[in-house]
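A short worksheet on the structure shown next.
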Amino acid sequence: MANAMPAVLWVIAAACCLLVIAITVLRSHYFTNQDKPVQPVTWTLVGAHVLTLVMIALPYAVFLGVRDSMPAALLAKYAKVGVASAVIAVLLIFGELVLMYLQAKRAMMSQIDETLNRASQNRAKKK
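Going by the numbering used here, the first residue of the sequence shown is number 816, and it counts up by one from there.
So, in structure tokens, the structure goes:
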């Protein structure tokens, strides 16, 4: 089981990254409730991003710790998928960052729109 630990940890970390991405997309209202104001990125989501960053790096550290006890065939398999898994991990973390930035930008635009709408309503009431 110790030989499979890096792969299992990587799959769990990648799933958590995808969860953060899904939450960000849902909160940004890209597909549903597009006229609904977008809320800023929460600190909880930022913390989840930092946690997924640590989680996605952990399998590589575990691999380095157990590689001496692995059979040669399994070591070759890990070496074969190592670069691809690292590229996917970087893309997942970068995707989280980009989507959180876009959510923050959309939230800022929503707040500006709300402020302008309130200002125009106040001007209309004064007339």
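Cβ coordinates follow ideal geometry from the N, Cα and C atoms, glycine included.
Distance between residue j and residue i (C-alpha atoms, nearest Å)
| i | j | result |
| --- | --- | --- |
| Asn818 | Leu890 | 9 Å |
| Ala919 | Val856 | 6 Å |
| Leu866 | Pro886 | 31 Å |
| Lys851 | Thr930 | 14 Å |
| Ala904 | Ser925 | 31 Å |
| Leu912 | Val898 | 21 Å |
| Ala837 | Met816 | 31 Å |
| Gly910 | Gln849 | 21 Å |
| Tyr845 | Met923 | 15 Å |
| Met820 | Thr859 | 28 Å |
| Leu917 | Asp928 | 16 Å |
Whether residue i touches residue j by CB criterion (8 Å)
| i | j | result |
| --- | --- | --- |
| Val902 | His864 | no |
| Thr839 | Met915 | yes |
| Arg921 | Val861 | no |
| Ile908 | Cys831 | no |
| Pro874 | Leu906 | no |
| Ala822 | Ile871 | no |
Neighbour-count burial assignment, residue i, 16 or more Cβ in a 10 Å radius
| i | result |
| --- | --- |
| Ala888 | exposed |
| Val869 | exposed |
| Arg933 | exposed |
| Ser935 | exposed |
| Leu841 | exposed |
Exercise. Does the region 871-881 come close enough to the region 929-941 to have 3 or more Cβ pairs within less than 8 Å?
Worked result: No contact exists between the region 871-881 and the region 929-941.
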